[in-house]
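Asker: Structure below; questions to follow.
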Amino acid sequence: MRETDLIPKLTKPAQIEPDSGIVNVAMYGFGRPGIIAFWAGEGNLPTPGAFYRPVGESLAKGETFYTWQRGIPELREALAAYHTRHFGRNFSSENFCVTGGGMQAIQIAIQMLAADGDEVIIPTPAWPNYAGPLRMQGTVPVEVPMLFRDHRWSLDLDRLFAAAGPKTKAIVINSPSNPIGWCGTREDLIAIRDFARAKGIWIIGDEVYSRFYFGKDGAKRAPSFLDICDTEEQLVLCNTFSKNWAMTGWRQGWIQVPKALAPVAERLIQYNTSGSPVFLQRGCAAALEHGDAFVDQQVATARKNRDIVAETLRPLNRIHFQMPDGAFYFFFAIEGMKDSLTTARRIVDEANVGFAPGAAFGAAGEGFLRMCYLKDEDKLLEGLERFKNWLANHDPN
46 MRETDLIPKL TKPAQIEPDS GIVNVAMYGF GRPGIIAFWA GEGNLPTPGA FYRPVGESLA
106 KGETFYTWQR GIPELREALA AYHTRHFGRN FSSENFCVTG GGMQAIQIAI QMLAADGDEV
166 IIPTPAWPNY AGPLRMQGTV PVEVPMLFRD HRWSLDLDRL FAAAGPKTKA IVINSPSNPI
226 GWCGTREDLI AIRDFARAKG IWIIGDEVYS RFYFGKDGAK RAPSFLDICD TEEQLVLCNT
286 FSKNWAMTGW RQGWIQVPKA LAPVAERLIQ YNTSGSPVFL QRGCAAALEH GDAFVDQQVA
346 TARKNRDIVA ETLRPLNRIH FQMPDGAFYF FFAIEGMKDS LTTARRIVDE ANVGFAPGAA
406 FGAAGEGFLR MCYLKDEDKL LEGLERFKNW LANHDPN
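Residue 46 is where the sequence shown starts when you use my numbering, and the numbers rise one by one after that.
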C-alpha cells in the first residue's frame with residue numbers, strides 16, 4: 046500500500062493535529078555543532094547523585110516487576126509529606142497517583158473530565174500540550190487570550206468567565222505560567238475557584254513551577270489552589286519531577302485528585318502505561334525527601350539568570366517583555382516579527398541559537414519568542430550576545 050493511501054485511514058485528529066512548534070524548531074536545530082539551545086523547558090544540571098543512587102540500588106535488588114498502578118506506597122507517602130511541608134496543612138497519600146511524567150498526568154486529567162464535543166477553557170499563551178491532547182480526543186480547547194499591555198500580561202477574569210458555556214467541563218490554569226512567567230494572585234485563584242464552584246466545572250491546575258517564584262512578597266512558592274481549595278472538591282492538579290529536581294528525562298510525575306477519583310485515575314494509568322517502574326520511583330522519593338536544598342539552588346540560579354536576561358534585553362528598543370514573576374522562561378516580542386516559527390528557524394541558521402516560536406503557545410503568542418534561561422551562565426551570556434548581534438544585523442521577517 047502506498048504511503049499516500051495510509052494517512053487517510055487514520056482518525057481525523059491524528060491526520061490533522063499539527064506538529065508542536067517547539068519540537069519543530071528543536072528538531073531543526075538539534076545536533077548542530079555549537080548550537081546554544083534555549084528552546085526546551087529544562088535546566089542545565091544533571092540529576093544529583095542523591096536522587097539517582099537509589100535507582101541503582103533498587104535495580105540491584107531486582108525491583109523490576111509490575112507494581113502498584115497508583116505508585117509505590119513509599120512515593121505516595123513522600124508526596125503527601127512534601128505537600129504537608131510546603132503548604133502548611135496535612136495531605137493524604139490517597140490523593141496522589143504516580144504518572145509517566147507531567148504529560149501523562151495531564152492526559153489522565155483530560156481523559157477523566159472531558160469527552161468528545163466538550164469544551165475546556167485555556168488562557169493563552171499556554172503550553173501547547175494542553176490543547177493538543179484535548180483535540181486528539183475530540184474535546185474543544187477554548188482559548189482565552191491574555192492581555193499584554195505596558196510590558197505586563199494580565200488575565201481578564203470577566204473574559205475568562207464569559208468563555209464558559211453549557212459544554213464547558215474545565216478551566217486549565219497554569220501558574221506560574223509557561224511561557225509568560227505570569228503568576229495568578231491569591232485573589233485571582235479565589236475568583237476562579239468561586240466561579241468553578243458556582244458553575245459546577247472542574248479546575249485543572251498546573252503548578253509545576255510553583256517553587257520557581259520571584260514575587261515581591263518574599264514567599265518561597267507561588268499562590269496555589271491548595272491554599273484556598275479543599276482536596277475533595279472539583280480540583281485536579283498535575284505535576285512532574287522534571288523541573289524542580291532536574292529529572293526531565295526520567296518521565297515521572299503525579300496527579301493529585303479527590304480520593305473518589307483515585308480508582309478512576311488508577312484504571313486510566315493501567316490502560317495507558319500499566320504503571321511506573323519501581324526503581325525510578327525510588328529515586329523520585331529520594332528527591333522529595335532530600336531535595337529541598339537542591340531546589341533552592343535551582344531557584345536562586347533562575348533568579349540570577351532572569352536578571353541577566355532582563356539586563357541584556359531591556360536596552361534593545363525592538364524587544365518587549367514582562368519581567369517574569371515565576372517559572373524560568375522569557376517570552377519576548379520582536380517588533381515587526383509576523384511569523385515566529387520562520388524567525389526562530391532563521392535564528393538557528395544565522396546565529397546558531399535556538400528559541401521556541403511564540404505561535405506554538407496559541408494565537409496570542411504570535412510575535413513572541415520563548416527562551417528557557419535556566420542554563421549555564423557562560424552559555425547564557427554567549428547565546429544572548431549572538432542574539433543581540435543577529436538582531437542588529439537582520440530583519441526578523
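Ideal Cβ placement from N, Cα and C applies to all residues, glycine included. All figures in this text were calculated on a predicted structure; none of them were measured in a lab.
1) Quick check: the Cα distance between Q114 and C417, rounded to an integer number of angstroms?
2) Measuring alpha carbon to alpha carbon, tell me which of V68, E48, P58, M157 ends up nearest G403.
3) Under three-state DSSP, which class holds Y73?
4) Would you mind sorting K57 into buried or exposed? The rule is 16 or more other CB atoms within 10 Å of its CB.
5) Residues in the same chain with beta-carbon distance under 7 Å from R197, minus the five sequence neighbours each way, listed in chain order, please.
6) With DSSP as the reference, label G263 as helix, strand or coil.
7) Is the beta carbon of K491 less than 8 Å from the beta carbon of I81?
8) Looking at the secondary structure, which residues open and close the beta strand (DSSP E) in which K54 lies?
9) Is G88 closer than 8 Å to Y258 when the C-beta atoms are compared?
10) Which same chain residues, not among the five before or five after S137, have their C-beta less than 8 Å away from its C-beta?
11) Between which two residues does the alpha helix (DSSP H) harbouring R449 extend?
12) Count the other C-beta atoms from every protein chain shown that fall within 10 angstroms of the C-beta of N362, then say buried if there are 16 or more, exposed otherwise.
13) Might you give, ordered along the chain, the residues of its own chain that have their beta carbon closer than 6 Å to the beta carbon of F376, omitting 5 neighbours on each side?
14) Below 6 Å CB to CB, which residues in the same chain sit around A150 once its five sequence neighbours on both sides are set aside?
15) Could you check the C-alpha separation between G146 and Q152 for me, to the nearest Å?
16) For L158, which residues in the same chain have their Cβ closer than 6 Å to its Cβ, ignoring the five residues on either side in sequence?
17) If we count the other Cβ atoms within 10 Å of its Cβ and call it buried at 16 or more, is E252 buried or exposed?
18) Helix, strand or coil: how does DSSP classify Y374 here?
Answerer: With the given structure in hand:
1) 33 Å
2) V68
3) helix
4) exposed
5) Q367
6) coil
7) Here the chain comprises residues numbered 46 to 442, so residue 491 is not present and cannot be evaluated.
8) Taken as a continuous stretch (DSSP letters only), K54 belongs to no beta strand (DSSP E), as it is neither H nor E.
9) no
10) A125, T276, K304
11) Residue coverage of the chain in this structure runs from 46 to 442, which leaves residue 449 outside it and unanswerable.
12) exposed
13) P224, I225, F413, R415
14) T144, C283, G298, I300
15) 10 Å
16) K214, A215, W247
17) buried
18) strand
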